[in-house]
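Note sheet for the following structure.
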Amino acid sequence: MIEEHIAPEMQALYKEVATAGGDMTQVNDSLFPVINMLNTRWFILPAADGTTVPLQNPYALGNAWFVSEVQEVANANEEIEALHHINPRHTAVVDKRFASAVGQAQPVDSTCTVTMKSYDANRLTYEVNSPKGGVVVFAEVYYPGWQAFIDGKEVAVGRADYILRALQVPAGRHELVMTFDPVSLHTTETIAYIALALLLLGIVAGIVLGIGRAIGEAMAIIMVAGNVANMPGLFRSVRFLTTGIISGMSYAPVGSLYQQALFSIGLVLFLFIMLINVFLNVFIKKRKED
Numbered sequence: 039m040i041e042e043h044i045a046p047e048m049q050a051l052y053k054e055v056a057t058a059g060g061d062m063t064q065v066n067d068s069l070f071p072v073i074n075m076l077n078t079r080w081f082i083l084p085a086a087d088g089t090t091v092p093l094q095n096p097y098a099l100g101n102a103w104f105v106s107e108v109q110e111v112a113n114a115n116e117e118i119e120a121l122h123h124i125n126p127r128h129t130a131v132v133d134k135r136f137a138s139a140v141g142q143a144q145p146v147d148s149t150c151t152v153t154m155k156s157y158d159a160n161r162l163t164y165e166v167n168s169p170k171g172g173v174v175v176f177a178e179v180y181y182p183g184w185q186a187f188i189d190g191k192e193v194a195v196g197r198a199d200y201i202l203r204a205l206q207v208p209a210g211r212h213e214l215v216m217t218f219d220p221v222s223l224h225t226t227e228t229i230a231y232i233a234l235a236l237l238l239l240g241i242v243a244g245i246v247l248g249i250g251r252a253i254g255e256a257m258a259i260i261m262v263a264g265n266v267a268n269m270p271g272l273f274r275s276v277r278f279l280t281t282g283i284i285s286g287m288s289y290a291p292v293g294s295l296y297q298q299a300l301f302s303i304g305l306v307l308f309l310f311i312m313l314i315n316v317f318l319n320v321f322i323k324k325r326k327e328d
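In structure tokens form, the structure reads like this:
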């Protein structure tokens with residue numbers, strides 16, 4: 039769409055605006071029908087002094103409009119080619135795969151109106167009014183998964199002009215709501231939530247197992263070493279730092295010097311382990327470099 043229509047139309051628009059001296063009312067809108075079809079309301083054009091100038095486009099077709107003719111083609115290639123030869127304001131080109139969803143057009147007059155009432159990323163609300171109904175084209179990109187509801191009743195959404203949404207509306211005044219809420223999106227969310235729950239369970243299980251292993255190893259050390267406050271000796275019972283913390287913490291009064299001493303022991307043990315890890319990392323890195 040960009041190479042086939044938008045880029046050439048923008049080049050033609052630049053030249054036309056320059057010729058018209060920046061007056062958009064003097065510009066021939068037939069030179070950029072696809073840009074108008076996409077409801078492009080503003081152009082940011084380069085100025086002679088190197089700056090940019092915003093120009094409002096008075097020819098944009100709006101959020102949605104009725105068409106008086108539907109031109110059916112065999113495939114998407116013919117659909118994009120046909121845009122060179124039609125006026126999207128009056129004619130919609132439809133791939134035959136979407137012909138049943140789009141339906142037949144009806145004569146259009148000034149009483150046929152489409153007004154956008156609200157806009158959200160996944161929900162758009164319009165008020166549609168026409169004496170005979172017909173085909174409405176929306177300046178919104180077609181994508182599978184969009185659903186349309188007229189007065190609460192679901193209707194088929196088709197594709198027109200290669201890239202836009204279109205559908206058939208009945209005569210009279212109606213509320214039309216488009217929503218994007220595909221089942222695949224909820225399936226993906228459910229899988230993501232399950233994966234997140236499993237990840238959290240794995241983290242909790244890792245913490246519990248880590249604490250259990252630390253306590254188990256500390257208790258094993260207590261039983262092997264004897265847990266006696268002696269000066270270290272080759273064949274004498276001793277009390278290691280970890281066992282001293284475990285055995286003493288439950289008996290230490292809050293805020294007492296004994297409790298502070300136990301925290302100090304923990305800090306010394308932490309620093310000692312950090313130093314060992316740093317030394318081993320440096321040693322292993324040096325061995326790899328050699």
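The sequence shown begins at 39 in our numbering and counts up one residue at a time. Even glycine gets a Cβ: it sits at the ideal position worked out from N, Cα and C.
Spatial neighbours of PRO235 within its chain, please: C-beta separation below 6 Å, excluding the five flanking residues on both sides. Per the sequence shown, residue 235 should be read as Ala rather than Pro. Leaving aside the five residues that flank ALA235 on each side, none in its chain has a CB nearer than 6 Å to its CB.
Measure the alpha-carbon distance for ALA98 versus LEU76 and round it to whole angstroms. If I take the Cα positions, the gap works out to 7 Å.
Could you give the distance in angstroms between the alpha-carbon of LEU307 and the alpha-carbon of ASP328? Distance between the alpha carbons of LEU307 and ASP328: 32 Å.
Output needed for ALA143: all residues of its chain with C-beta closer than 6 Å, excluding positions within five of it in sequence on either side, in chain order. Listed in chain order, the non-local C-beta contacts of ALA143 below 6 Å within the same chain comprise VAL105, SER106, GLU107, VAL108, GLY172 and VAL173, local neighbours out to five positions each way being set aside.
At which residues does the alpha helix (DSSP H) containing LYS155 begin and terminate? Not the alpha helix (DSSP H): LYS155 falls in the beta strand (DSSP E), residues 151 to 158.
With contact counted as at least three CB pairs below 8 Å, one residue from each stretch, are the segment 280 to 288 and the segment 252 to 260 in contact? Cβ pair count under 8 Å is three or more, so yes.
In angstroms with no decimal places, state the Cα-to-Cα distance between LEU309 and ILE232. C-alpha separation (whole angstroms): 39 Å.
Quick check on LEU295: buried or exposed, where buried means 16 or more other Cβ atoms within 10 Å of its Cβ? Under this definition LEU295 is an exposed residue.
Label GLU213 either buried or exposed according to how many other C-beta atoms from any shown protein chain fall within 10 Å of its C-beta, with 16 as the threshold for buried. Around the C-beta of GLU213, fewer than 16 other C-beta atoms lie within 10 Å, and the residue is accordingly described as exposed.
Does the beta-carbon distance from VAL166 to LEU202 come in below 8 Å? If you check the CB distance, VAL166 and LEU202 do not come in under 8 Å.
PRO71 lies in the alpha helix (DSSP H); which residues open and close that run? Looking at the DSSP string, the run of the alpha helix (DSSP H) that includes PRO71 is 71 to 75.
Separation of ASP61 from THR217, as counted between CA atoms: Cα-Cα distance, rounded: 39 Å.
Note down, in chain order, each residue of its chain lying with its Cβ closer than 7 Å to the Cβ of ALA112, except the 5 sequence neighbours on either side. Apart from the 5 residues on each side of it in sequence, ALA112 sits with its Cβ closer than 7 Å to the Cβ of LYS134 in its chain, given in chain order.
Put ASP87 into one of helix, strand or coil per three-state DSSP. Coil at ASP87, not helix or strand.
If I measure Cβ to Cβ from ILE124 and keep anything under 7 Å in the same chain, skipping five residues before and after, which residues do I get? Once the five neighbours on either side are set aside, the close Cβ partners of ILE124 are GLN109 and VAL131.
Pick from TYR200, PHE187 and GLY100 that is closest to TYR181, judged by C-alpha positions: Nearest to TYR181 by C-alpha distance, out of TYR200, PHE187 and GLY100, is TYR200.
Strictly by DSSP, which residues pair up with TYR164? As DSSP reads the structure, TYR164 sits in a beta bridge with MET154 and LEU214.
Using 10 angstroms around the beta-carbon of PRO71, count the other beta-carbons present and answer buried if the total reaches 16, otherwise exposed. Around the Cβ of PRO71, a 10 Å sphere holds 16 or more other Cβ atoms; the residue is buried.
Closest to ASN14 by C-alpha separation, out of GLY286, GLY304, ALA120 and SER68, would be which residue? Here the chain covers residues 39 to 328 and nothing more, so residue 14 does not appear.
TYR164: buried (16+ other C-beta within 10 angstroms of its C-beta) or exposed? Buried, because 16 or more other Cβ atoms sit within 10 Å of the Cβ of TYR164.
Terminal residues of the continuous beta strand (DSSP E) containing THR129? Here the beta strand (DSSP E) through THR129 covers 129 to 133.
From what residue to what residue does the beta strand (DSSP E) around GLY172 run? Per DSSP, GLY172 belongs to the beta strand (DSSP E) from 172 to 179.
Is the CB-CB distance between VAL195 and GLN185 below 8 Å? With contacts defined as CB atoms closer than 8 Å, VAL195 and GLN185 qualify as a contacting pair.
Less than 8 Å separating the beta-carbons of ALA242 and ALA198? One detail in the question is off: residue 242 reads as Val in this sequence, not Ala. No, these two residues do not count as a Cβ contact at 8 Å.
Using a Cβ-Cβ cutoff of less than 7 Å, which residues in the same chain neighbour ALA50 once the five nearest sequence positions on both sides are dropped? Once the five neighbours on either side are set aside, the close Cβ partners of ALA50 are LEU69 and PHE70.
LYS323 to LEU313, Cα distance in whole Å? LYS323 and LEU313: Cα-Cα distance of roughly 15 Å.
Within this structure, are the beta carbons of ALA204 and VAL246 separated by less than 8 Å? No, they are not a contact pair.
Pull up the DSSP beta-bridge partners for ILE82, would you. Beta bridge pairing from DSSP links ILE82 with PRO92.
The beta strand (DSSP E) with ALA204 in it runs from where to where? Unbroken beta strand (DSSP E) run through ALA204: 202 to 207.
My assumption, with CB atoms under 8 Å, is that SER168 sits in contact with ALA209. Please give the rounded CB distance. Their Cβ separation, rounded to whole angstroms, is 6 Å, which keeps SER168 and ALA209 in contact under 8 Å.
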